[in-house]
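A.B. asks: If you're matching them up, the sequences are chains R and X in order. Our numbering puts the first residue of the first sequence at 1294, with every later residue one more than the last. Our numbering puts the first residue of the second sequence at 1294, with every later residue one more than the last. Could you have a look at this structure, given as structure tokens, before my questions?
Protein chains: 2
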Amino acid sequence: MQKQELLDCHARIEPYIHNTPVLSSGLINELIGASVFFKCENFQRGGAYKMRGATNAIVQLSSEERSKGVVTHSSGNFAQAVSLAAKSLGVMAHIVMPTSAPEVKKKGVQQYGGIIYECEPTLEARQAMADEIALRTGATFLHPSNQMNVIIGQGTAAIELMVEHSNLDAIFCPVGGGGLIAGTSLAVHYFGTGCTVFGGEPFEADDAYRSLQSGKIEGNETVNTIADGLRTTLGDINFPIIKEHVSAIIRVTEEEIVTAMRLVWERMKIVIEPSSAVTLAALIRNKEDFQGQKVGIIISGGNVDLSNLPF
Amino acid sequence: MQKQELLDCHARIEPYIHNTPVLSSGLINELIGASVFFKCENFQRGGAYKMRGATNAIVQLSSEERSKGVVTHSSGNFAQAVSLAAKSLGVMAHIVMPTSAPEVKKKGVQQYGGIIYECEPTLEARQAMADEIALRTGATFLHPSNQMNVIIGQGTAAIELMVEHSNLDAIFCPVGGGGLIAGTSLAVHYFGTGCTVFGGEPFEADDAYRSLQSGKIEGNETVNTIADGLRTTLGDINFPIIKEHVSAIIRVTEEEIVTAMRLVWERMKIVIEPSSAVTLAALIRNKEDFQGQKVGIIISGGNVDLSNLPF
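See the structure below:
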């Protein structure tokens, strides 16, 4: 059923998303000793893979639900994605954003027509304000990562990658709230051939690594990472999927993230956000395990504040 | 004869270069009111279009000439291109670089195996040192922009762009030493259908604009521009071609260059160098003249020092 749902979802959202290009770099292949295929969701509409899940959730709403709008809380890419997907479908988007959210992401939401509600930068404050808006307006709540139709949507990036490169040995993706890696691991489970899934995570926000160790959802002890998209924690819907289908989470230092990010910018001439560099950093750190293999990397997004770069 | 030479050149260099992608952005199209097609030579081998001309020059050398190597002087992209093209063809590359050349470009030359000779940052010092090396080693001198086989090679980017989009109304490219715009305008002359060529140039290095005004080659009064690839002046081989086939040179301010550069990085998620942003800045400045048209832009390169960005 999930297998069919992934295919149905892809067909459903295809008119609203880009089938993003898969790029590679001779120099990076040489550096790692593997053939690396970058699925460039930084070129996705809204600048990140989040457009997939957001579209899948909104496109399935009834016309009555659509007329009441949608509401979400997000510090960044999901906020932009919901605004843009809602706009494409003629739906009003209420976006709760913490006061700490990067200016570039607030600007993105505004440009796509989302209505911003600012709140304190805690998960509790965000959820409370979103609940209040949902109650008042009747808007449907969309969770950035812990909702099955969103997770399935995010999995379609891996489907496209495997259609283009059917014989990948591994796929890497970043782990934040867990939506992308849960969707990716489902897609690989149903459509991969001998392919395993690895997550990349900063040491500074390693809740997923520790959750897989302990067998239950752990919070983050610190979120002092440049990878701002990965500061969130896993949820009860995506964690069981991750536990079942992900081979390992590889942790990386802040320095490794910046080095990998710079490598991609300098050599591939594409703009990726720090959260997207975490996966390449993880592959570089463990490159001995992937010699001669074909490895896919989901580049999750390219929404970065150019006024505040780490180099 | 030039028409056939362009086609022969493209066939000759094709095994050594990338047919780079042509990208577009809905938001930028909306902003300008035209359909803009970016020919992304930032994704070219060596990170710039210069690989085309360098390859065309080296691949035609006799085996005796190849055994003696090649020599050039360049502050940047042509130095990297000659090093890489020479390496691909098993030829030694002597590269004269001014002491003022960006570190990232020196590193590029070294990585591609070119031998660097540092000299004072004047055109005279560069030429004198290159002449001395040519005399001593028998290496063939390659000029970055004022040599017919190099000019023809640079024109192949426009050929590929017109193959992909056969009905362009205009093609914009930056003007530095004049090799790219001369090659582009020849390609458009022979293969365009109602297409005109415009050059983009900084006010701070507007030698080409003034040369077209006066009818003879003018020097630069200042080169105080962020577009480091455009500080050079036209030559006696390319100027007559430019005079005959280029419709106009549009000058832009430094602020317009940085704004256009940031727009491309933020919206298209690609890394382009300041010299490449000059063309988009020129199109934006004169957008009223291009409403509803199909416009090609040659993005010349993506070799930018990430430690020294203007935003």
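The C-beta atom is built at its ideal place from N, Cα and C for all residues, glycine as well.
Short of 8 Å in beta carbon distance, which residues of its chain neighbour R/ARG1560, apart from the five on each side in sequence? Order them along the chain.
C.D. replies: Cβ neighbours of R/ARG1560 beyond the five flanking positions: SER1318, LEU1320 and ILE1321.
A.B. asks: To which residues of the same chain is X/GLY1401 closer than 6 Å at the C-beta, ignoring the five residues directly before and after it?
C.D. replies: Here the set comprises GLN1373.
A.B. asks: At the level of alpha carbons, what is the spacing between R/LEU1556 and X/GLN1404?
C.D. replies: Approximately 14 Å, taken between the alpha carbons.
A.B. asks: Going by DSSP, what residue range makes up the alpha helix (DSSP H) through X/ALA1282?
C.D. replies: Residue 1282 of chain X lies beyond the residue range present for chain X, which begins at 1294 and ends at 1604; the question has no answer from this structure.
A.B. asks: Any idea what DSSP makes of X/LYS1587, helix, strand or coil?
C.D. replies: In this structure, X/LYS1587 counts as strand in the three-state DSSP scheme.
A.B. asks: Would you kindly check if the distance between the Cβ of X/GLU1497 and the Cβ of X/THR1518 is under 8 Å?
C.D. replies: In this structure, X/GLU1497 lies closer than 8 Å to X/THR1518 by Cβ.
A.B. asks: Please classify X/GLU1334: is it buried, with 16 or more other beta-carbons within 10 angstroms of its beta-carbon, or exposed?
C.D. replies: Classification of X/GLU1334: buried, given that the 10 Å Cβ count is 16 or more.
A.B. asks: Between X/SER1393 and the rest of its own chain, which residues show a CB-CB distance below 8 Å, the 5 nearest in sequence each way excluded?
C.D. replies: The residues are SER1368 and PRO1414.
A.B. asks: Which of the residues in the stretch 1316-1350 of chain X, read from start to end, lie with their CB under 7 Å from any CB of chain C?
C.D. replies: The structure shown contains no chain C; its protein chains are R and X.
A.B. asks: Distance check for R/LEU1299 and X/VAL1564, CA to CA, integer angstroms please.
C.D. replies: Going from the Cα of X/VAL1564 to the Cα of R/LEU1299 covers about 33 Å.
A.B. asks: Keeping to the same chain, check which residues put their C-beta closer than 7 Å to that of X/PHE1371; ignore five residues upstream and five downstream.
C.D. replies: The answer, listed in chain order, is LYS1343, ALA1347, THR1365 and PRO1437.
A.B. asks: Going residue by residue through the stretch 1379-1408 of chain R, where are the continuous beta strand (DSSP E) segments of at least 3 residues, counting only ones entirely within it?
C.D. replies: Fully enclosed beta strand (DSSP E) runs of 3 or longer: 1386-1391.
A.B. asks: Between X/SER1381 and the rest of its own chain, which residues show a CB-CB distance below 7 Å, the 5 nearest in sequence each way excluded?
C.D. replies: Within the same chain, X/SER1381 has close Cβ partners TYR1309.
A.B. asks: List the DSSP bridge partners of X/CYS1466.
C.D. replies: Answer by DSSP bridge pairing, in chain order: X/GLY1492.
A.B. asks: Using a Cβ-Cβ distance under 8 Å, would R/LEU1602 count as near chain X?
C.D. replies: By this cut-off, R/LEU1602 is an interface position.
A.B. asks: DSSP state of R/GLY1528, grouped into three classes?
C.D. replies: Note: R/GLY1528 maps to coil in three-state DSSP.
A.B. asks: Kindly give me the distance between the Cβ atoms of R/SER1654 and R/LEU1527, rounded to whole angstroms, as I take these residues to be in contact under 8 Å.
C.D. replies: Outside the displayed range of chain R (1294 to 1604) lies residue 1654 of chain R, so it cannot be described from this structure.
A.B. asks: Do you know whose CA, among X/GLU1453, X/ILE1452 and X/VAL1389, lies nearest X/ALA1432's CA?
C.D. replies: Among X/GLU1453, X/ILE1452 and X/VAL1389, the Cα nearest to that of X/ALA1432 is on X/VAL1389.
A.B. asks: Residues in its own chain within less than 7 Å of R/ARG1305 by CB, not counting five upstream and five downstream?
C.D. replies: Excluding residues within five positions, the ones whose Cβ falls inside 7 Å are ASN1349 and VAL1352.
A.B. asks: Three-state secondary structure (DSSP) at R/LYS1509?
C.D. replies: If DSSP states are grouped into helix, strand and coil, R/LYS1509 belongs with coil.
A.B. asks: DSSP three-state call for X/PHE1336: helix, strand or coil?
C.D. replies: It is helical.
A.B. asks: Thinking just about the alpha-carbon of each residue, which of R/ILE1325, R/GLN1297 and R/ASN1312 is nearest to the one in R/LYS1580?
C.D. replies: Looking at the Cα atoms, R/ILE1325 is the closest of the given residues.
A.B. asks: Would you call the stretch 1581-1591 of chain R and the stretch 1583-1597 of chain X in contact, with 3 or more CB pairs under 8 Å?
C.D. replies: Contact fails: fewer than three Cβ-Cβ distances are below 8 Å.
A.B. asks: Starting from R/VAL1564, find everything on chain X with Cβ-Cβ shorter than 7 Å and list it in chain order.
C.D. replies: Near R/VAL1564 (Cβ distances below 7 Å), the residues of chain X are TRP1558, LYS1562, ILE1563 and VAL1564.
A.B. asks: What is the rounded straight-line gap between the Cα of X/GLY1508 and the Cα of X/PRO1467?
C.D. replies: So the alpha carbons of these two residues sit roughly 19 Å apart.
A.B. asks: So that I know if they touch, is there some Cβ in chain R lying closer than 8 Å to that of X/GLY1406?
C.D. replies: No, X/GLY1406 lies away from the interface with chain R (no Cβ there is under 8 Å from its Cβ).
A.B. asks: Quick check: the Cα distance between R/ASN1460 and R/VAL1315, rounded to an integer number of angstroms?
C.D. replies: Cα to Cα, R/ASN1460 sits roughly 14 Å from R/VAL1315.
A.B. asks: If the criterion is Cβ atoms closer than 8 Å, does the pair R/VAL1329 and R/ASP1598 meet it?
C.D. replies: Their beta carbons are not under 8 Å apart, which means R/VAL1329 does not touch R/ASP1598 by this criterion.
A.B. asks: Out of X/SER1360, X/GLU1357, X/ASN1312 and X/ALA1570, point me to the one whose CA is closest to X/GLN1337's CA.
C.D. replies: When each option's Cα is compared against that of X/GLN1337, the closest is X/ASN1312.
A.B. asks: Could you compute how far the alpha carbon of X/LEU1573 sits from the alpha carbon of R/VAL1456?
C.D. replies: Their backbone Cα atoms lie some 35 Å apart in a straight line.
A.B. asks: May I ask which residues mark the beginning and end of the beta strand (DSSP E) holding R/ARG1544?
C.D. replies: Here the beta strand (DSSP E) through R/ARG1544 covers 1541-1545.
A.B. asks: Pull up the distance between the alpha-carbon of X/ARG1578 and that of X/VAL1375, whole angstroms please.
C.D. replies: Each residue's Cα considered, the two are about 34 Å apart.
A.B. asks: If we ignore side chains and look at the alpha-carbon of each, how far apart do R/PRO1391 and X/TRP1558 end up?
C.D. replies: Answer to the nearest angstrom: the Cα atoms are 25 Å apart.
A.B. asks: Could you tell me the boundaries of the beta strand (DSSP E) in which R/VAL1363 lies?
C.D. replies: Per DSSP, R/VAL1363 belongs to the beta strand (DSSP E) from 1363-1366.
A.B. asks: Please classify X/GLY1469 as buried or exposed, where buried requires at least 16 neighbouring CB atoms within 10 angstroms.
C.D. replies: Counting Cβ neighbours within 10 Å, X/GLY1469 comes out buried, since at least 16 surround it.
A.B. asks: Along the chain, where does the alpha helix (DSSP H) containing R/ARG1419 start, and where does it finish?
C.D. replies: Element bounds for R/ARG1419: 1416-1430.
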